[in-house]
Structures are given as structure tokens and as C-alpha cells.
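So for the sequence shown, this note's numbering puts the first residue at 511; every next one is plus one.
Just so it is clear, CB atoms sit at the ideal spot from N, CA and C, and this is done for glycine as well.
The structure under discussion appears below in the form of C-alpha cells.
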Amino acid sequence: MSSEEHLQLPNHNEGKVRFVLCKYSPRGCNMKGTKESICEHEIRCPFRNAETQTVATSCIRNSPQNDVKCQFECIGCDFRGTDTELLEHEHTSLQKHLRFLLMFGLKSDLRALEAHTKLQSVSSDLRHKIHQYIVSLRNFQDELQVDHRMLTSLMEEIIVIKRNLEENNNHVHERIIAAEANMRRMDEQIAALHRGFQEISDSNVVLRFRVGVLEDFAYEHLARFCPLDPPMPMIADQIQDGVHGMGRNIMEICNFTERKRQAMTNRNLALISDTFMTPNSVKMKLKVFLNGEEAEEETCMTVFVVIVRGLDDDNLNWPFRGKVSLHVFDTESSNYKLFDSFDADPSHFSFQKPCTERNIGYGFLRSIRHSELERLVKDDKLVISVTIMAV
511 MSSEEHLQLP NHNEGKVRFV LCKYSPRGCN MKGTKESICE HEIRCPFRNA ETQTVATSCI
571 RNSPQNDVKC QFECIGCDFR GTDTELLEHE HTSLQKHLRF LLMFGLKSDL RALEAHTKLQ
631 SVSSDLRHKI HQYIVSLRNF QDELQVDHRM LTSLMEEIIV IKRNLEENNN HVHERIIAAE
691 ANMRRMDEQI AALHRGFQEI SDSNVVLRFR VGVLEDFAYE HLARFCPLDP PMPMIADQIQ
751 DGVHGMGRNI MEICNFTERK RQAMTNRNLA LISDTFMTPN SVKMKLKVFL NGEEAEEETC
811 MTVFVVIVRG LDDDNLNWPF RGKVSLHVFD TESSNYKLFD SFDADPSHFS FQKPCTERNI
871 GYGFLRSIRH SELERLVKDD KLVISVTIMA V
């Protein structure tokens, strides 16, 4: 109700005195009286300081002349009226609004179904076009292959023509003859170098044979003058070749049968050699598990190469680089038999500069089986050799 609307109250002076409401009644004021008293009241009305925008909005919303739409207009309700009529309409038209909502939902589902059908049709068309493109691409590839074969044939013809032109050119022919003569002389020089290299290789074989003979004498000497069963029946010797950068560490394991039996009882039992130096001054030890270190290795002998800390480590080149080879002395041939070898991995932590007393070992896990060891053991003694070829 607007502030200018007069409310008539029934009394004995009806028709002469009219009472009106405060114009701030939409904000919550309930004051009513004569026009003069209301004018004075409105000056000090406590609802006068409310936000102008809120009051204007509230007045417009509550004005009987305002043409208000139903909140369900978006789904089909065409009602228009005052706020009071709108409240009554919303109360009395629940079923109608529910029907509108239901119809709106059904229409939405139908539109979604139509969109899905169109999407499937578009997807099918797209797959068909993609298939056509693939077929076209394959045909194009086949054509390219045919063109490539034709181009190859043309290139061969061009090469033949070029050769014919070169044969007809006397000057070029003479140069070819001279070049062939030079190549023959180079072949003769290469053959001479090869013969020299072969002679050097033969000399190297002889030297290695002599070293093997000296090693045999050394073993006989050690067997003659050393106790038969010392507390640690292992002899670690090192022979280095300064020219080729190769070092060999020989480890002799006496009382082999008993030590193998102990290793089968205690898997952590290991035989460790004395410290030896590689050609590039890296300190190493050999660590041998006669019955393997892990359960799956129990039918083999495991040999590890362990880098230990040295006083001169700061002056060496790290990580360690080189080739490590495992040999076992064969009593039948009186020579060392190569079983396995590996190149040191510079990225592996086992070949880095030691940060503790020794690094974790790296080596040969299943290179020598027990069945092969039995044949190589003589007088209950096994001799193994690890060769270090430093880079």
C-alpha cells in the first residue's frame, strides 16, 4: 500500500476525518493518523534512514499498481498481477506449476535425445570420412612407393650413363689407373703393417706364456715353503704390466672342500683377499662366496671386486674405468681359463671414489658352477685370477 493511500476508519465522524499510514510503512513503520500528524511523524520516523534503493525496490514490489510476473514464467506460466494476487496465484496453482515443470523436463529430455542422435550421426559421418582419408592415404603411399621405384630405376640409368661418359674420357681413365696403382701400393703397405702387428702379437703370446711358466714356478715355490694349512690359506699376489696397463691378482684357496662345506652352512661366510693395486693405483680386494651370496646362486661361486679407500684417492681419476676378467687355473692345460669379464660401469656407485672404508662389491654372480669347479680343483686347492685392464 502506497504512502498516499487514505485508510477510512469507521467512527461517528465518518466522512469527515481520514487517517493515513506513514509513508515509511513499507520499511516497517506501523504509525497511522491524520495527515498533519503523519507529516510531523515522517520527519522523525526511525525508518527514514533506510537505504533508498532497498526502499524503492520494496515499494515497487508491494505497490498494487505494479504488474508482477509469475516466477514460473520461463516454463510457460503467463500470470501477471499485483503482489497479493501473485501470492494467491502461487498458492492455488501448485499443480499447474508442477505440470509446467514436468513438461519442461520432458521437453529438455527430448532436446537432449535429439542432440545425442545428431551427435551420433555426426560421429558416424566423421568415422566414415576418417576411414576414407586413411584409404586415400594408403593409396597415396602406394603411389609414392611406385614413384620411388621409378626414381631408383632412373638413378641407376643415370649412374650407367655417367660410367659410360667416364670410360669415354681418356684423361679420367688415366687418373683412375693411377689411383688404382696408388691403392695397390697402399694395400701392400697395409699388408706389411699387418704382418708386423702379427709378429708383435706372436711375441706378446710368447711373453704371456713365459709369465704363465713363471707363475707355475711361483706356485710350486709357495707350495713347497708355505704351511699346508695356514690360518688364512689364501695367497694374493699381483703381477702388473706397466706397458699395457694390466694388473693381475692371483688368489689361491687351500682346503677347498672344507671351506665349501662351511660356505654351504653359513651363506654370509666370505673369503677376502689381501689389498692389491690396479695399474692406475686404485686399491682393491677380492671377495669370494664359494656357495653364492644369494639363494638363487647356491650352485655357483660368486666373485666380487671391491674398491677400498686409499691414501692417494684424491689424486686419482674417478670413477674407475677398465675391464675386469675372471680366470681359473686349469690343471689339465696348465693355463688360466677365462670364464667371464665385464667393463666397469662409470655410473655405478661401486666404481666411484670411496666415501667409507670400502665400496659395495661388483662382479661375477653365476660365472662358475660347482660342477665346473670340481674339475678345476687339484690337491684340494683352487687358484683364481682376476685381471684388471685399466683405461
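Should Glu762 be labelled buried (16 or more other beta-carbon atoms within 10 Å of its own) or exposed? Buried, because 16 or more other Cβ atoms sit within 10 Å of the Cβ of Glu762.
Can you tell me whether DSSP reads Ser851 as helix, strand or coil? In this structure, Ser851 counts as strand in the three-state DSSP scheme.
Close-in-space but distant-in-sequence residues of the same chain around Lys460 (CB under 6 Å, 5 per side omitted): An answer regarding residue 460 cannot be provided, because it is not within the stretch 511 to 901 covered by the chain.
N- and C-terminal bounds of the beta strand (DSSP E) containing Ser835: Gly832 to Asp840 is the extent of the beta strand (DSSP E) around Ser835.
Range of the contiguous alpha helix (DSSP H) that encloses Val645: Residues Leu604 to Asn678.
Does the region 620–628 touch the region 591–608, meaning 3 or more C-beta pairs lie closer than 8 Å? By the C-beta criterion, the region 591–608 is judged not to be in contact with the region 620–628, since fewer than 3 inter-stretch pairs fall below 8 Å.
Ile898 vs Pro829 beta-carbon contact at 8 Å: Using a Cβ distance threshold of 8 Å, Ile898 and Pro829 do not count as a contacting pair.
Using a Cβ distance threshold of 8 Å, determine whether the region 798–812 contacts the region 770–778, with at least three qualifying pairs required. Here the region 798–812 lies against the region 770–778, with 3 or more beta-carbon pairs under 8 Å apart.
Which residue from Val815, Phe766, Ser791 and Cys810 puts its Cα closest to that of Ser783? Comparing Cα positions, the closest option is Val815.
Check for me: the alpha helix (DSSP H) holding Phe766 runs from which residue to which? Here the alpha helix (DSSP H) through Phe766 covers Phe766 to Thr775.
Using the Cβ count rule (16 or more neighbours within 10 Å means buried), how would you classify His754? A caution first: His754 carries a pLDDT of 38, below 50, which makes its placement in the model too unreliable to give a value.
Could you name the residues of the same chain whose beta carbon sits closer than 8 Å to that of Gly591, not counting the 5 residues immediately before and after it, in chain order? Hits under 8 Å: Asp577, Val578 and His599.
To which residues of the same chain is Glu676 closer than 7 Å at the C-beta, ignoring the five residues directly before and after it? For Glu676, where only same-chain residues beyond five positions count, the Cβ hits under 7 Å are Val682.
Identify the continuous beta strand (DSSP E) that holds Ile894 and give its terminal residues. Here the beta strand (DSSP E) through Ile894 covers Lys891 to Ala900.
Only counting the same chain, and skipping five residues up and downstream in sequence, which positions put a Cβ closer than 7 Å to that of Lys797? Cβ within range, chain order: Ala780, Ile782, Phe814, Val816 and Gly871.
Less than 8 Å between C-beta atoms, sequence neighbours within five positions excluded: which residues of the same chain meet that for Val896? Apart from the 5 residues on each side of it in sequence, Val896 sits with its Cβ closer than 8 Å to the Cβ of Arg758, Asn759, Met761, Leu796, Val813, Val815, Val834, Ser835, Leu836 and His837 in its chain, given in chain order.
From the DSSP output, which residues share a beta bridge with Met541? According to DSSP, Met541 bridges with nothing at all.
Answer with buried or exposed for Lys545, where buried requires no fewer than 16 other C-beta atoms within 10 angstroms of its C-beta. With a threshold of 16 other beta carbon atoms within 10 Å, Lys545 falls short and is exposed.
Simplified DSSP assignment, three categories, for Cys549: In this structure, Cys549 counts as helix in the three-state DSSP scheme.
Coarse secondary structure for Thr594, derived from DSSP in three states: Thr594 falls in the helix class under three-state DSSP.
From Gly525 to Arg537, what distance separates their C-alpha atoms? In this predicted model, Gly525 has a pLDDT of only 48, less than 50, meaning its place in the structure is not dependable; the value taken from the coordinates is given anyway. So the alpha carbons of these two residues sit roughly 29 Å apart.
C-beta atoms of Val901 and Pro864 nearer than 8 Å: No, these two residues do not count as a Cβ contact at 8 Å.
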